[in-house]
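Chemist:
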Amino acid sequence: MIDLSDVLDARVRVEETARRTPLDYSHTFSDMTGAEVHLKLETFQRTGSFKIRGATNRIKTLSEAEKSAGVVTASAGNHAQGVALAATKSGVDSTIVMPENAPISKIEATRDYGATVVLHGDDYNEAQAKAHEIEEAEGRTYVHAFDDEMVMAGQGTIGLEIMEDLPDLDTVVVPIGGGGLIAGIATAVKEQNPDARVVGVQAEGASSAAQSLQKGEIHTLDSVDTIADGIATRNVGEKPFEVIQERVDEIVTVSDSEIAVAVTLLLERAKTLVEGAGAVALAALLSGAFDYEEDELIVPALCGGNIDMNTLTTVIMRGLVETGRYVKIRTVLKDRPGALDDLIDIISAERANIYGIQHDRTSRDIGMNAAEVELDLETRGPDHVEQLLDALRDDGFDVEVLA
Numbered sequence: 424m425i426d427l428s429d430v431l432d433a434r435v436r437v438e439e440t441a442r443r444t445p446l447d448y449s450h451t452f453s454d455m456t457g458a459e460v461h462l463k464l465e466t467f468q469r470t471g472s473f474k475i476r477g478a479t480n481r482i483k484t485l486s487e488a489e490k491s492a493g494v495v496t497a498s499a500g501n502h503a504q505g506v507a508l509a510a511t512k513s514g515v516d517s518t519i520v521m522p523e524n525a526p527i528s529k530i531e532a533t534r535d536y537g538a539t540v541v542l543h544g545d546d547y548n549e550a551q552a553k554a555h556e557i558e559e560a561e562g563r564t565y566v567h568a569f570d571d572e573m574v575m576a577g578q579g580t581i582g583l584e585i586m587e588d589l590p591d592l593d594t595v596v597v598p599i600g601g602g603g604l605i606a607g608i609a610t611a612v613k614e615q616n617p618d619a620r621v622v623g624v625q626a627e628g629a630s631s632a633a634q635s636l637q638k639g640e641i642h643t644l645d646s647v648d649t650i651a652d653g654i655a656t657r658n659v660g661e662k663p664f665e666v667i668q669e670r671v672d673e674i675v676t677v678s679d680s681e682i683a684v685a686v687t688l689l690l691e692r693a694k695t696l697v698e699g700a701g702a703v704a705l706a707a708l709l710s711g712a713f714d715y716e717e718d719e720l721i722v723p724a725l726c727g728g729n730i731d732m733n734t735l736t737t738v739i740m741r742g743l744v745e746t747g748r749y750v751k752i753r754t755v756l757k758d759r760p761g762a763l764d765d766l767i768d769i770i771s772a773e774r775a776n777i778y779g780i781q782h783d784r785t786s787r788d789i790g791m792n793a794a795e796v797e798l799d800l801e802t803r804g805p806d807h808v809e810q811l812l813d814a815l816r817d818d819g820f821d822v823e824v825l826a
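Going by my numbering, the residue at position 27 of the sequence shown is 450; the numbering climbs one at a time, nothing skipped.
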């Protein structure tokens with residue numbers, strides 16, 4: 424099991440490549456939660472995520488023969504970019520296997536950092552199996568995304584920075600996919616401040632570590648389903664799990680809706696673009712997934728900002744729906760002149776803004792003398808949505824909320 428000395432050694436190896444990222448006090452999220460919230464902005468890291476730290480530490484500890492043979496790995500995107508850049512800076516050839524549905528932005532970035540990209544499989548585990556085939560066939564060194572002590576130690580340098588900037592912290596909240604990040608951070612934090620609490624967070628659709636901790640043994644999921652693709656692994660690694668069992672106090676889960684709200688709020692209030700995996704720590708705090716005291720010093724680790732633009736559009740819309748800022752409704756009007764005007768007049772009076780409108784007289788679900796109308800509306804919050812719906816229903820409209 425890694426210890427603090429491993430993390431301290433890793434810092435020397437990674438300091439020329441990885442940036443020291445800010446720890447930023449957030450008035451907004453402190454006011455919203457009652458805690459004293461400091462965001463660890465690993466979104467500002469080179470390659471857009473923490474993965475460059477562990478990848479650099481691992482590659483710098485390769486023998487000359489291993490460097491000559493090259494490296495291979497599997498990744499949903501962030502580890503891919505970290506390994507690609509770390510390998511290129513060290514003059515090492517790299518091949519990265521990514522799931523076929525990996526975000527195009529991460530695929531292109533990995534290629535731009537100098538790696539050969541192979542697309543294979545539906546998820547990380549299938550990509551990993553392909554990478555091991557390449558490892559055996561070509562004699563490359565496999566750089567594991569999380570189940571590697573040097574990778575874990577590299578990720579732990581985040582914990583060193585947090586402790587230096589906020590030595591009296593009470594709780595650090597860390598995303599968990601395969602567990603390498605939380606294993607490293609927990610080691611750095613707990614060995615310097617044993618009273619500090621380490622809380623891990625997973626997406627509900629990829630909660631292998633949470634179930635493993637409950638069962639006392641590694642549990643492998645049949646499949647994963649979450650917008651947080653960066654932590655969408657079927658199981659936690661063996662080496663990280665040892666550390667998790669000893670140094671992590673609690674693991675909680677958050678829904679995709681809660682993740683979407685966190686992404687949206689970070690973008691709007693903190694002016695910070697974060698991917699789903701990077702937002703889960705804040706999502707856990709905002710949703711009350713774990714207990715905390717008023718004024719508790721809490722550090723959510725925002726571990727990455729590499730979100731695909733198409734995904735971002737979907738996530739923002741989901742976040743707006745969840746926070747009552749957007750609503751899609753359906754109603755049926757009598758097919759007569761002025762009926763649509765009457766509906767719009769109520770919406771206007773309630774100060775909702777119409778994004779889009781669809782008017783259909785041909786639907787089989789309505790009568791011959793009726794018209795179906797769907798409206799996309801911008802609203803100001805949950806109370807405003809309820810006020811609008813009440814006004815429409817009071818005027819006789821039968822309204823169905825679609826989103």
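Using N, Cα and C, we set each Cβ at its ideal position, and we do this for glycine too.
Starting from Pro617, follow the alpha helix (DSSP H) in both directions and report where the run begins and ends.
Modeler: Position 194 of the sequence shown, counting from 1, holds the residue named residue 617. No alpha helix (DSSP H) holds Pro617; DSSP gives it neither H nor E.
Chemist: Just checking my contact of Ala626 with Ala606 at CB under 8 angstroms: how many whole Å lie between their CB atoms?
Modeler: Translated into positions along the sequence shown, residue 626 becomes position 203. Translated into positions along the sequence shown, residue 606 becomes position 183. Going by Cβ atoms, the distance from Ala626 to Ala606 rounds to 18 angstroms, so no, they are not a contact pair.
Chemist: Smallest Cα separation from Ala441: which of Gln504, Ala499 and His450?
Modeler: Residue mapping note: residue 441 aligns to position 18 of the sequence shown, counting from 1. It is Gln504 whose Cα lies nearest to the Cα of Ala441.
Chemist: State the Cα-Cα distance for the pair Pro617 and Thr594, rounded to the nearest angstrom.
Modeler: As a working mapping, residue 617 is identified with position 194 in the sequence shown. As a working mapping, residue 594 is identified with position 171 in the sequence shown. About 11 angstroms.
Chemist: What residue range is occupied by the uninterrupted alpha helix (DSSP H) comprising Asn658?
Modeler: Within the sequence shown, residue 658 is the residue found at index 235, counting from 1. It is not in any alpha helix (DSSP H) - Asn658 carries neither H nor E in the DSSP assignment.
Chemist: Could you check how far apart the C-beta atoms of Val686 and Val750 are, in whole angstroms? I think they sit under 8 angstroms.
Modeler: As a first step, residue 686 is located in the sequence shown; it is residue number 263 there, counting from the start. As a first step, residue 750 is located in the sequence shown; it is residue number 327 there, counting from the start. The Cβ separation is near 19 angstroms, so there is no contact.
Chemist: Can you look up Ala503 in the DSSP assignment and give me helix, strand or coil?
Modeler: Along the sequence shown, read from residue 1 onward, the residue named residue 503 stands at position 80. In the structure shown, Ala503 sits in a helix (DSSP, three-state: H, G or I).
Chemist: Give every residue of the same chain whose Cβ lies closer than 8 angstroms to the Cβ of Leu709, excluding the five residues on either side of it in the sequence, and list them in chain order.
Modeler: Residue numbering aside, residue 709 sits at position 286 when the sequence shown is read from its first letter. Closer than 8 angstroms at the Cβ level, and outside the excluded window around Leu709, lie Phe452, Met455, Thr456, Glu681, Val684, Ala685 and Leu688.
Chemist: Whole-angstrom Cβ separation of Asp821 and Thr754, contact assumed at under 8 angstroms?
Modeler: Here the question's residue 821 lines up with position 398 in the sequence shown. Here the question's residue 754 lines up with position 331 in the sequence shown. At roughly 6 angstroms, the Cβ-Cβ gap stays under 8 angstroms, so Asp821 and Thr754 are in contact.
Chemist: For Ala497, name the three-state secondary structure that DSSP assigns.
Modeler: Taking the sequence shown and counting its residues from 1, one reaches residue 497 at position 74. Correct three-state label for Ala497: strand.
Chemist: Unbroken alpha helix (DSSP H) runs of length 4 or more, entirely within the stretch 686 to 752: which are they?
Modeler: Here the runs fully enclosed are 699 to 709 and 732 to 745.
Chemist: Going by other Cβ atoms of all chains shown within 10 Å of its Cβ, with 16 needed for buried, is Asp817 buried or exposed?
Modeler: Taking the sequence shown and counting its residues from 1, one reaches residue 817 at position 394. Looking at its Cβ environment, which holds fewer than 16 other Cβ atoms inside 10 Å, Asp817 is exposed.
Chemist: Let me check understanding here. Comparing Cα to Cα, which of Pro598, Ser528, Ala525 and Val495 lies closest to Tyr565?
Modeler: By one-based count along the sequence shown, residue 565 stands at place 142. Checking every option, the nearest Cα to that of Tyr565 belongs to Val495.
Chemist: Expressed to the nearest angstrom, what Euclidean distance is found between the alpha-carbon atoms of Val597 and Glu614?
Modeler: Sequence index remark: in the sequence shown, residue 597 carries index 174 (1-based). Sequence index remark: in the sequence shown, residue 614 carries index 191 (1-based). Taking the straight line from one Cα to the other gives about 17 angstroms.
Chemist: What residues match up with Leu644 in a beta bridge as DSSP calls it?
Modeler: Along the sequence shown, read from residue 1 onward, the residue named residue 644 stands at position 221. Looking at the DSSP assignment, Leu644 forms no beta bridge with any residue, so it has no partner.
Chemist: Given Asp399, which residues of its chain have a CB within under 7 angstroms of its CB, disregarding the five upstream and five downstream residues?
Modeler: It is not possible to answer for residue 399, since the shown part of the chain is limited to 424 through 826.
Chemist: For Gly582 and Gln810, I'd like the C-alpha separation in whole angstroms.
Modeler: Here residue 582 is taken as the residue at index 159 of the sequence shown, counted from 1. Here residue 810 is taken as the residue at index 387 of the sequence shown, counted from 1. So the alpha carbons of these two residues sit roughly 47 angstroms apart.
Chemist: Roughly how many whole angstroms lie between the Cα atoms of Leu812 and Pro805?
Modeler: Along the sequence shown, read from residue 1 onward, the residue named residue 812 stands at position 389. Along the sequence shown, read from residue 1 onward, the residue named residue 805 stands at position 382. When rounded, the distance between both Cα atoms is 11 angstroms.
Chemist: As an exercise, report each continuous beta strand (DSSP E) stretch of at least 3 residues that is fully enclosed by the stretch 498 to 562, in chain order.
Modeler: Fully enclosed beta strand (DSSP E) runs of 3 or longer: 517 to 521 and 539 to 542.
Chemist: Mind the definition here: the stretch 424 to 436 touches the stretch 573 to 581 only if three or more C-beta pairs lie below 8 angstroms; say whether that holds.
Modeler: These segments touch.
Chemist: Measure the beta-carbon distance from Lys483 to Ser513 and round it to whole angstroms, keeping in mind my assumption that it falls under 8 angstroms.
Modeler: On the sequence shown, position 60 is the one that residue 483 refers to. On the sequence shown, position 90 is the one that residue 513 refers to. Confirmed, Cβ separation roughly 7 angstroms.
Chemist: Just how far apart, CA to CA, sit Glu823 and Gly628?
Modeler: As a working note, residue 823 is residue 400 in the sequence shown. As a working note, residue 628 is residue 205 in the sequence shown. Near 28 angstroms, if we compare the C-alpha coordinates of Gly628 and Glu823.
Chemist: Can Leu705 and Leu446 be called in contact, C-beta distance under 9 angstroms?
Modeler: Here the question's residue 705 lines up with position 282 in the sequence shown. Here the question's residue 446 lines up with position 23 in the sequence shown. It is not a contact, given that the beta carbons lie outside the stated cut-off.
Chemist: Do you know how far the Cα of Asp718 is from the Cα of His555?
Modeler: Residue 555 sits at position 132 when you count from the first residue of the sequence shown. Residue 718 sits at position 295 when you count from the first residue of the sequence shown. About 48 angstroms.
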